[in-house]
Ligand SMILES: Cc1cc2nc3c(=O)[nH]c(=O)nc-3n(C[C@H](O)[C@H](O)[C@H](O)COP(=O)(O)OP(=O)(O)OC[C@H]3O[C@@H](n4cnc5c(N)ncnc54)[C@H](O)[C@@H]3O)c2cc1C
Ligand code: FES
Ligand code: FES
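Residue numbers (my numbering): 40 to 504.
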């Protein structure tokens, strides 16, 4: 039985847990304000809020309901556009109307829901402005300028709020309806049990599986860790960052210690999918999906992450990510095993950079991506770890390039020598994301970009053309 709060009332359902939340909302609950655009996580028309208990309050995130298994709604507060209506229009809706932010209206509920999610959680380190919060929403007819104006107006209105007790102020200010006052109590009544893994195939956020196998999942033996009590996410123990098996990209983006150690962290993570996809897509899912261009995989290869695999007998096995991939979509993981956690040491004054080229800058998968971690004393590189995606059957750790640079002094000539080795280490193929030659060119350019960015006074663009 799946139990959750849908807008202002409790729902208990024995509907199929692997059906999508979108279908439940539209066709069982008959709430048709949530729209269908792509059913692939790309457009945001189906965005709803998912709230879970955190401390004494509720933590809300925008999610794409088209890729979310109904099971993952268990124990949560799911808010659709209907659940955001006040007596008239709420402030977000008013701004959209007054700034001419809507025409055909298919995308509009998704924009409003994402902006209301931001209202409920604006000080998060994840969205620096209301505009950031709609990075997963696409509008095909209004034009973004009017929507941006509505978002800017919202930021101004929110900056006028002063009270520490935000929820009351948001209700009084007509940003959200009054039923939000009761959510904590309602959620306590539907608190889910703790996770007891059953050794079946894990569905995390579903953002890969529901795009690749939407019709097959109902017939597969699967389990849903998000069905259970609040996940642990990402935490830091001493110098070690630990990611639970269901920690999301958002959890990693929000890790304060990482943001401190890697100044560009926020910008790098912004290049990964979009806010609603990062809110549900797990790191483990990115690693096990084994796509040669998984951004999180490429980042974690450079960070030398280690996986802890577990099986039904609770036996644990540690596998370095760098030896996890054995061939295209082949991994050192048994069917009875799952990723229990992932860990890596937080860089200590190391230099770190991530580069990604995709057809669109945001909300697109990479043609080629690359990450590098360098420990440098002056110009001497005592440690180098470089990874690259999209140029081999697996996400690639550049072993030979990294070994070549170790202990060397950085200069433009060294970078060009390393590019030659890199070209021998990669083996791209032509596909929808570009020809093999184009990917070879990208690999060289991204590698040079690392050094231009990390050593700007030593390696200049004109020296490595
Ligand atoms: C619109 C859109 C944009 C995207 N953009 C990007 C992008 O820019 N960069 C990028 O890298 N990816 C992107 N993705 C892909 C996807 O979001 C990520 O790969 C995500 O991290 C997958 O996690 P998930 O929890 O959703 O995986 P799921 O779909 O739930 O699972 C993926 C695979 O991992 C397995 N799995 C999940 N958790 C575990 C576990 N704990 N143990 C063992 N196996 C497990 C599943 O069985 C499955 O085989 C995008 C996806 C969409 C829909
Ligand atoms: S319908 Fe397009 S993101 Fe869900
Ligand atoms: S108003 Fe039509 S797609 Fe946005």
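All residues carry an ideal CB built from backbone N, CA and C; glycine is no exception.
Any heavy atom of ligand 2 closer than 6 Å to the beta-carbon of residue i?
i, result
"residue 75", "yes"
"residue 103", "yes"
"residue 84", "yes"
"residue 78", "yes"
Who are residue i's beta bridge partners in DSSP?
i, result
"residue 501", "Beta-bridge pairing links residue 501 to no other residue."
"residue 471", "Partner(s): none; residue 471 has no beta bridge."
"residue 280", "275, 383"
"residue 91", "98"
"residue 370", "364"
Name the residue from the options whose alpha carbon lies nearest to the alpha carbon of residue i.
i, options, result
"residue 246", "192, 91, 103", "103"
"residue 132", "56, 214, 68", "214"
"residue 456", "466, 442, 469", "442"
"residue 314", "153, 50, 138, 85", "153"
"residue 327", "284, 289, 171", "284"
"residue 401", "295, 420, 306", "306"
"residue 366", "358, 433, 480, 264", "433"
"residue 219", "71, 469, 92", "92"
"residue 222", "302, 114, 121", "114"
"residue 97", "399, 439, 269", "269"
"residue 136", "86, 183, 117, 189", "189"
"residue 198", "169, 174, 179", "169"
"residue 272", "254, 380, 486, 253", "380"
Specify, as a first and last residue, the run of the alpha helix (DSSP H) that residue i falls within.
i, result
"residue 153", "147-159"
"residue 131", "130-137"
"residue 80", "Run containing residue 80: none; DSSP gives neither H nor E here."
"residue 140", "Here residue 140 belongs to no alpha helix (DSSP H), and DSSP marks it neither H nor E."
"residue 341", "334-341"
"residue 104", "That residue, residue 104, is in no alpha helix (DSSP H); it is neither H nor E in DSSP."
"residue 410", "No alpha helix (DSSP H) holds residue 410; the beta strand (DSSP E) holding it covers 407-416."
"residue 267", "It is not in any alpha helix (DSSP H) - residue 267 carries neither H nor E in the DSSP assignment."
"residue 167", "Counting along the chain, residue 167 falls outside any alpha helix (DSSP H), and DSSP gives it neither H nor E."
"residue 295", "295-300"
Can we count residue i as close to ligand 1, meaning its CB is less than 6 Å from some heavy atom?
i, result
"residue 213", "no"
"residue 237", "no"
"residue 323", "yes"
"residue 472", "no"
"residue 153", "no"
"residue 399", "no"
"residue 156", "no"
"residue 375", "no"
"residue 107", "no"
"residue 248", "yes"
"residue 26", "Nothing about residue 26 can be reported from this structure: the residues present for the chain run from 40 to 504 only."
"residue 240", "yes"
"residue 233", "no"
"residue 408", "no"
How would you write the range of the beta strand (DSSP E) that residue i sits in, first residue to last?
i, result
"residue 489", "Unbroken run through residue 489 is the alpha helix (DSSP H), 475-493; no beta strand (DSSP E)."
"residue 455", "Counting along the chain, residue 455 falls outside any beta strand (DSSP E), though it belongs to the alpha helix (DSSP H) covering 451-464."
"residue 49", "48-52"
"residue 355", "355-359"
"residue 441", "Segment 438-444 is the alpha helix (DSSP H) holding residue 441; no beta strand (DSSP E) there."
"residue 14", "Absent from the structure is residue 14, since the part of the chain shown begins at 40 and ends at 504."
"residue 239", "Where residue 239 is concerned, there is no enclosing beta strand (DSSP E), given that its DSSP letter is neither H nor E."
"residue 45", "41-45"
How about residue i: is its C-beta nearer than 7 Å to some C-beta of chain D?
i, result
"residue 155", "Protein chains in the displayed structure number just one, and chain D is not present."
List in chain order the residues whose CB is within less than 7 Å of at least one heavy atom of ligand 3. 141, 142, 143, 144, 145, 146, 147, 178, 179, 180, 181
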